[in-house]
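> One structure is given below, represented as structure tokens, and several questions about it will come after.
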Amino acid sequence: MELKANDIINELVETKDIRITSQRRKILEILIENRDKHLSVEDIYNVSKKQGKSVAIPTIYRTMDILQKSGIVIKNDFGDGIAKYELYVKEKETIHYLICKRCGKIIEVTGLLPDNLNSHLLEEHGFQAIDTSLKIYGYCDDCMYQEGKFQ
Ligand SMILES: [Zn+2]
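Start counting the sequence shown at 2; every next residue gets the next number (the working numbering).
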């Protein structure tokens, strides 16, 4: 999965004002690496242990609490009483371009694709989208009639 852990962590620190200790960083890295899974505190502990940098379970609990309050992770309970966490990084709103074939004007638009497109593609098609840019060619308001295409 092509996710730059450092970029994401830096952005979280900037926007959420969370002090990142090396243990919190490790936890965030694990969450990012396993972004398509739901992890329990124990899962996180086991991954950290396997990677040779084990984080104490109470520290994981505390960190998950902070991350949850900051809206960085979502806590789920799938009925077995075990809290499972997943990272919630809002996908950046993608800008799409409408390009006029006659005068070359470029109009930027947002909201053409659903917000959850990336997670939809990942869940439904096992596909990790990294570029959802879209160029749409046509005629702008001024050119539409002059071009005599759409009268
Ligand atoms: Zn035009």
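Glycine included, C-beta positions come from ideal geometry on N, C-alpha and C.
Can you tell me whether Leu135 is helix, strand or coil according to DSSP?
Residue state, collapsed to three classes: coil.
> Within its chain, find whatever has a CB closer than 7 Å to the CB of Ile21; leave out the 5 residues flanking it on each side and keep chain order.
The residues are Ile10, Val14.
> Taking the alpha carbon of Ser49 as the reference point, which residue from Asn119, Glu30, Cys104 has its own alpha carbon closest?
It is Glu30 whose Cα lies nearest to the Cα of Ser49.
> Please state whether DSSP places Met2 in a helix, a strand or coil.
Bear in mind that the predicted position of Met2 carries a pLDDT of just 39, short of 50, making it too unreliable to give a figure here.
> Can you tell me whether Tyr146 sits near ligand 1, meaning its C-beta is under 7 Å from at least one heavy atom of the ligand?
No.
> Helix, strand or coil, according to DSSP, for Asp81 in the structure here?
Asp81 falls in the coil class under three-state DSSP.
> Please report how far the alpha carbon of Phe79 lies from the alpha carbon of Val42, in whole angstroms.
Approximately 14 Å, taken between the alpha carbons.
> Taking 7 Å as the cut-off, does the CB of Arg103 come closer than this to any heavy atom belonging to ligand 1?
Within the cutoff, so yes.
> Say the cut is 7 Å; is the CB of Lys106 nearer than that to a heavy atom of ligand 1?
Within the cutoff, so yes.
> Can you grab the Cα-Cα spacing for the pair Gln152 / Gly127, in whole Å?
Its pLDDT being 48, under 50, Gln152 is placed unreliably in this model, and the value from its coordinates should be taken loosely. Distance between the alpha carbons of Gln152 and Gly127: 44 Å.
> Using only the alpha-carbon positions, how far apart do Val110 and Asp132 sit?
Distance between the alpha carbons of Val110 and Asp132 is about 16 Å.
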